[in-house]
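Data first, discussion second: the structure below is written as structure tokens.
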Amino acid sequence: MKTINLDARVVETIAGNHEETLRLLEDRFAVTITARGSDVLVSARNESGAGDVEVVASFLEQLQGLQAEGVELRRGDLRTAVELLARDSGATLRDHFVTSRIQTSTKRAIVPKSENQRIYINEIQKNDLVFGIGPAGTGKTYLAVANAVSMLNERRVKRIILARPAVEAGENLGFLPGDLTAKVDPYLRPLYDALYDMLEPARAERFLEDGTIEVAPLAFMRGRTLDHSFMILDEAQNTTSEQMKMFLTRIGVNTKAVVTGDVTQVDLPRNKISGLIEAREIVSGVPGISFVEFDEIDVVRHPLVKRIIRAYQERLDSDEQRDV
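Quick note: numbering that gives the first Met the number 0 has the sequence shown finishing at residue 323, numbered continuously throughout.
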């Protein structure tokens with residue numbers, strides 16, 4: 000058993016919402032938690048729970064430390080924090096919620112929801128070229144856009160370029176109504192969605208109009224060299240070898256680039272090699288380039304999405320074993 004004396008605000012934080020955080024801690028660890036005024040008692044439910052008592056005590060103490068710094072964790076943040084400690088008992092909440100926090104506006108801050116997301120954010124800060132590879136819903140594009148907006152606000156870059164290959168994922172682009180812009184807009188919509196989630200609508204519109212932020216099909220990148228920019232290539236699994244090389248060689252002076260994609264969802268013709276898969280083989284290990292791999296644990300959408308991704312991966316693994 001261990002008793003931790005906590006500030007009243009911290010007790011209120013973990014005991015609020017019908018003691019949701021306390022109950023979550025009890026579910027994830029073999030402990031029983033009782034709040035008595037400013038004292039919180041953590042005791043093991045069985046012999047194997049002694050280590051969990053120390054982990055939960057560390058969680059509460061770290062939470063108090065964050066509160067002392069003025070860092071208030073919201074309901075979703077608390078759930079993230081519990082999951083972090085459940086996966087890695089040595090995780091440091093300050094590294095996750097302070098050091099890796101991305102400030103996209105005076106009112107909007109984004110924090111990673113998993114350890115791989117934290118690593119991804121840090122790698123983007125350290126390296127000029129980062130590849131984020133993994134399934135849908137893991138925050139690859141969203142966090143890349145957040146980093147880009149933050150760097151634009153800090154005037155570390157002068158412009159943001161968001162690009163996507165306009166590949167026909169089982170649909171015929173030619174039959175869509177309208178001119179070229181109308182045809183490719185549906186492919187770029189996820190990038191616009193992330194952008195408008197980071198910036199006030201009026202400011203986003205202004206940046207799009209004056210070219211500070213450009214959202215365009217990958218083909219529009221050819222022949223350009225981009226200095227003092229933050230470049231993002233989304234859905235990179237659908238680039239050809241030539242397109243990927245073209246994008247990577249657009250990187251200019253004081254420019255960062257992030258490439259995101261899911262190698263399990265390639266929509267290219269069967270006779271075409273995915274530029275993302277090839278790049279992972281060719282440039283991994285090159286200084287200044289980092290690869291971050293995500294999996295279903297990092298999915299931040301509906302919990303059902305994690306189960307769907309896991310089911311598809313199990314089928315893929317089964318097919319590969321059968322082929323062998």
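Beta carbons are placed, not taken as given, at the ideal position from N, Cα and C, and that holds for glycine.
Problem - Close beta carbons around Asn121, own chain, < 7 angstroms, minus the five adjacent residues each side - result: For the purposes of this step, residue 121 is identified with residue 122 of the sequence shown, where counting begins at 1. Taken in chain order, the residues that qualify are Ser99.
Problem - DSSP state of Ile272 mapped onto helix, strand, coil - result: Counted from its first residue, the sequence shown places residue 272 at position 273. Ile272 falls in the coil class under three-state DSSP.
Practice task
Kindly indicate the opening and closing residues of the alpha helix (DSSP H) around Leu142.
Solution key: Walking along the sequence shown from the start, residue 142 turns up at place 143. Residues Lys139 to Asn152.
Problem - Unbroken alpha helix (DSSP H) run spanning Arg117, endpoints - result: On the sequence shown, residue 117 is found 118 positions in, with the first residue counted as 1. That run of the alpha helix (DSSP H) goes Glu114 to Lys125.
Exercise for the section: Return the CA-CA distance between Gly15 and Ala56, expressed in angstroms with no decimal places. Expected result: Residue numbering aside, residue 15 sits at position 16 when the sequence shown is read from its first letter. Residue numbering aside, residue 56 sits at position 57 when the sequence shown is read from its first letter. Going from the Cα of Gly15 to the Cα of Ala56 covers about 18 angstroms.
Practice task
Grab me the residues of Leu315's own chain with a C-beta within less than 8 angstroms of its C-beta, minus the 5 sequence neighbours each way, in chain order.
Solution key: Taking the first residue of the sequence shown as 1, we reach residue 315 at position 316. Within the same chain, Leu315 has close Cβ partners Thr263.
Handout entry: Touch test, the stretch 282 to 293 against the stretch 73 to 88, Cβ-Cβ under 8 angstroms, three pairs minimum
Key = Contact between the stretch 282 to 293 and the stretch 73 to 88 is absent, because fewer than three Cβ pairs lie under 8 angstroms.
Exercise for the section: Could you please give the first and the last residue of the uninterrupted beta strand (DSSP E) stretch that includes Phe28? Expected result: The residue given as residue 28 occupies position 29 in the sequence shown. Run containing Phe28: none; DSSP gives neither H nor E here.
Handout entry: Residue burial classification, Val252 (beta-carbon count within 10 angstroms, cutoff 16)
Key = Indexing the sequence shown from 1 puts residue 252 at position 253. Result: exposed.
Problem - Touching by the beta-carbon criterion (3+ pairs, under 8 angstroms), the stretch 228 to 242 and the stretch 149 to 163 - result: In short, these stretches touch, since the Cβ pair count reaches three.
Practice task
Return helix, strand or coil for Val252, following the three-state DSSP convention.
Solution key: Counting from one through the sequence shown, the residue named residue 252 turns up at place 253. Reduced to three states, the DSSP call for Val252 is coil.
Practice task
Label Ala235 either buried or exposed according to how many other C-beta atoms from any shown protein chain fall within 10 Å of its C-beta, with 16 as the threshold for buried.
Solution key: Within the sequence shown, residue 235 is the residue found at index 236, counting from 1. Per the 10 Å Cβ criterion, buried.
Handout entry: Buried/exposed call for Met220, threshold 16 Cβ in 10 Å
Key = Within the sequence shown, the letter at position 221 stands for residue 220. Met220 is classed as buried because its beta carbon has at least 16 other beta carbons within 10 Å across all chains shown.
Handout entry: Contact set for Phe58: own chain, Cβ-Cβ below 6 angstroms, skip 5 residues either direction
Key = Locating residue 58 in the sequence shown gives position 59, where the first residue counts as 1. Closer than 6 angstroms at Cβ, skipping near neighbours: Leu84.
Problem - CB contact flag (Gly131, Val30, <8 angstroms) - result: Taking the sequence shown and counting its residues from 1, the one referred to as residue 131 is at position 132. Taking the sequence shown and counting its residues from 1, the one referred to as residue 30 is at position 31. Taking the C-beta atoms as reference points, Val30 is found no nearer than 8 angstroms to Gly131.
Practice task
Could you check if Arg22 is buried or exposed, using at least 16 other CB atoms within 10 Å of its CB as the buried criterion?
Solution key: Position 23 of the sequence shown, counted from the first residue, corresponds to residue 22. Classification of Arg22: exposed, given that the 10 Å Cβ count is below 16.
Practice task
Leaving aside the five residues before and after Ala256 along the sequence, list all residues of the same chain whose C-beta is less than 6 angstroms from its C-beta, in chain order.
Solution key: Here the question's residue 256 lines up with position 257 in the sequence shown. In the same chain as Ala256, and ignoring 5 residues on each side of it, the C-beta atoms closer than 6 angstroms to its own belong to Leu128, Met230 and Ile250, in chain order.
Exercise for the section: May I have the straight-line CA-CA distance separating Glu46 from Asn270, to the nearest angstrom? Expected result: Position 47 of the sequence shown holds residue 46. Position 271 of the sequence shown holds residue 270. Cα to Cα, the separation comes out at about 58 angstroms.
Handout entry: Runs of alpha helix (DSSP H) wholly within the stretch 286 to 321 (minimum 4 residues, chain order)
Key = None, since the stretch 286 to 321 contains no complete alpha helix (DSSP H) of that length.
Problem - Alpha carbon of Pro176 to alpha carbon of Glu213, nearest angstrom - result: Working through the sequence shown from its first residue, we reach residue 176 at position 177. Working through the sequence shown from its first residue, we reach residue 213 at position 214. For Pro176, the pLDDT reaches just 47, beneath the cut-off of 50, and the residue's location in the model is therefore unreliable, leaving the point undetermined.
Exercise for the section: Along the alpha helix (DSSP H) that carries Leu59, what are the first and last residues, could you check? Expected result: The residue given as residue 59 occupies position 60 in the sequence shown. Start and end: Ala49 to Ala67.
Exercise for the section: Would you identify the three-state DSSP class for Leu267, choosing helix, strand or coil? Expected result: The residue you call residue 267 lines up with position 268 of the sequence shown. Under the three-state reduction of DSSP, Leu267 is assigned to coil, being neither helix nor strand.
Handout entry: Helix, strand or coil at Met230 according to DSSP, with G and I counted as helix
Key = Counted from its first residue, the sequence shown places residue 230 at position 231. Three-state DSSP puts Met230 in a strand.
Exercise for the section: Determine the direct distance from the alpha carbon of Arg35 to that of Asn146, and round the result to whole angstroms. Expected result: Position 147 of the sequence shown, counting from 1, holds the residue named residue 146. Position 36 of the sequence shown, counting from 1, holds the residue named residue 35. Rounded to whole angstroms, Asn146 to Arg35 spans 42 angstroms at the Cα level.
Handout entry: Start-to-end residues for the alpha helix (DSSP H) that takes in Ser240
Key = By 1-based counting over the sequence shown, the position of residue 240 is 241. Residues Ser240 to Leu247.
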